[in-house]
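In the working numbering, the protein residues as written are -13 to 204.
Worksheet: one structure, shown below.
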């Protein structure tokens, strides 16, 4: 009876099975790795805005408080985007004819809000309340980075569930006193953990419930 398979058939079959196995394992690894890449998390992504607003100039150089523009951050889930009238508080007096501010003047003239583009996007299944964090000692820079050094705002943190849980499990090192919430130049003390534990008591934070699913998923 003639030989059906060549002497190399067994080797080729084993190599083929190994290749299939590696392909499957590689696919699984890719699926596990992809959610943590900047392509998905948007970390360090810079979003083009209709007006080239520089936080480095307004916050870093001029010293504007975050709440001057984001007026609802301490009372609402949303930080709030400034109405055009806020911009014109200053720019009706200075840089009144600057070309870069043409969209602002047009917005005021037509009474159409400026279409600011969201930089930090959370999934629809995530419930996040700015006011809860701000009123309990979480500074703006903790999540948004040093805005005062950003000509264009970018997302500095991955905003993954693991990143949020790291703070919810151990909030003490991330807490600030009330007068430092919006400050970009605040330097934590050497005994930051001791201060943080004191601030947990000061803000009356119930740490035992911070990692419950319903805190962020409702």
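Glycine included, every Cβ here is placed at the ideal spot set by N, Cα and C.
Predicted, not measured: the structure shown is a model, and the values here were computed from it.
Identify whether residue 140 lies in helix, strand or coil by the three-state DSSP scheme.
-> strand
Have a look at residue 81 and residue 40 and give me their C-alpha separation to the nearest angstrom.
-> 14 Å
Given a cut-off of 8 Å, decide if residue 52 and residue 129 are closer than it, judged by their beta-carbon atoms.
-> no
Note down the Cα distance separating residue 159 from residue 9, rounded to an integer number of angstroms.
-> 43 Å
Any idea which residues DSSP pairs residue 161 with across the strands?
-> 124
In terms of residues, what are the limits of the alpha helix (DSSP H) holding residue 178?
-> 178 to 189
Please state if the CB of residue 157 and the CB of residue 193 are separated by a distance shorter than 8 Å.
-> yes
Determine which residues share a DSSP beta bridge with residue 32 and list them.
-> Per the DSSP secondary-structure output, residue 32 pairs in a beta bridge with 140.
Residue interval of the alpha helix (DSSP H) (run including residue 89) | 88 to 96
Chain-order list of residues whose beta-carbon lies under 6 Å from that of residue 148 (same chain, five-residue window excluded) = Here the set comprises nothing.
Rounded straight-line distance, which links the Cα of residue 115 to that of residue 150 = 13 Å
Considering only C-alpha positions, which residue in the set 68, 152, 170, 183 is nearest to residue 161?
-> Nearest of 68, 152, 170, 183 to residue 161, Cα basis: 183.
Same chain, Cβ closer than 6 Å to residue 112, five either side skipped, listed in chain order | 202
From what residue to what residue does the alpha helix (DSSP H) around residue 104 run?
-> Where residue 104 is concerned, there is no enclosing alpha helix (DSSP H), given that its DSSP letter is neither H nor E.
Chain-order list of residues whose beta-carbon lies under 7 Å from that of residue 54 (same chain, five-residue window excluded) | Non-local C-beta neighbours of residue 54 in its own chain, meaning closer than 7 Å and more than five positions away in sequence, are absent.
Output the distance between the C-alpha atoms of residue 38 and residue 56, rounded to the nearest integer angstrom.
-> Computed Cα separation, rounded: 17 Å.
Apart from the five residues on each side of it in sequence, which residues of its chain come closer than 8 Å, Cβ to Cβ, to residue 36?
-> 89, 100, 101, 102, 103
Does DSSP classify residue 197 as helix, strand or coil?
-> For residue 197, the three-state secondary structure derived from DSSP is coil.
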